[in-house]
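For reference, the structure is listed below as structure tokens.
Numbering (this note's numbering), first residue to last: 123 to 289.
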């Protein structure tokens, strides 16, 4: 199952290739989660580094990319209308119904859409247990909880984990 960001990245790359086929392999949408919620869910900053090689204004490049995105039915089914902000940032908002469908699909998956690593490694997580020679308090559990949490995450990803817990 592809994540939303992977799907958007592929759609942005395809739109950039259609808009600027002569640019070669330098087309990177630079997709990232939006820096502020009011900008949407994702932002693509890939128009800015293309300005110099294409000898065009970044906003003009962003407009060409958005035009290509809007002509793609798969993109319009996934996102609301893209917004161009500032010098050439493309802000993307995922349709609420697509977010609901994505969450529902992940809830039906025992791994919640988190893939196992391809090359699982043996990992040693070394953490301390509470000092039995001192009076117990909540602070004694911190290291144990952090170590156990890290071990569980690594195991969930598919690594072989050896827990070392010192007394």
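All C-beta atoms, glycine included, are put in the ideal place defined by N, C-alpha and C.
What does DSSP give as the partner residue(s) for residue i in the beta ladder?
i           : result
residue 288 : 250
residue 214 : 164
residue 125 : Bridge partners of residue 125: none, in fact.
residue 282 : 244
Flag this pair as yes or no: are the beta carbons of residue i and residue j separated by less than 9 Å?
i           : j           : result
residue 171 : residue 152 : yes
residue 200 : residue 220 : yes
residue 137 : residue 191 : yes
residue 225 : residue 284 : no
residue 168 : residue 214 : no
residue 139 : residue 149 : yes
residue 218 : residue 212 : no
Comparing alpha-carbon positions, which option in the options lies nearest residue i?
i           : options               : result
residue 249 : 138, 287 and 165      : 287
residue 164 : 134, 149, 209 and 190 : 134
residue 154 : 174, 127 and 178      : 127
residue 144 : 156, 166 and 175      : 175
residue 262 : 270, 189 and 252      : 252
residue 277 : 239, 259 and 258      : 239
Could you check where the alpha helix (DSSP H) with residue i kicks off and where it finishes?
i           : result
residue 165 : No alpha helix (DSSP H) contains residue 165, which is instead part of the beta strand (DSSP E) from 164-166.
residue 207 : Careful: residue 207 lies outside any alpha helix (DSSP H), inside the beta strand (DSSP E) at 205-207.
residue 270 : 264-279
residue 181 : 180-192
residue 197 : 195-200
Could you spell out the range, first to last residue, of the beta strand (DSSP E) harbouring residue i?
i           : result
residue 155 : 153-155
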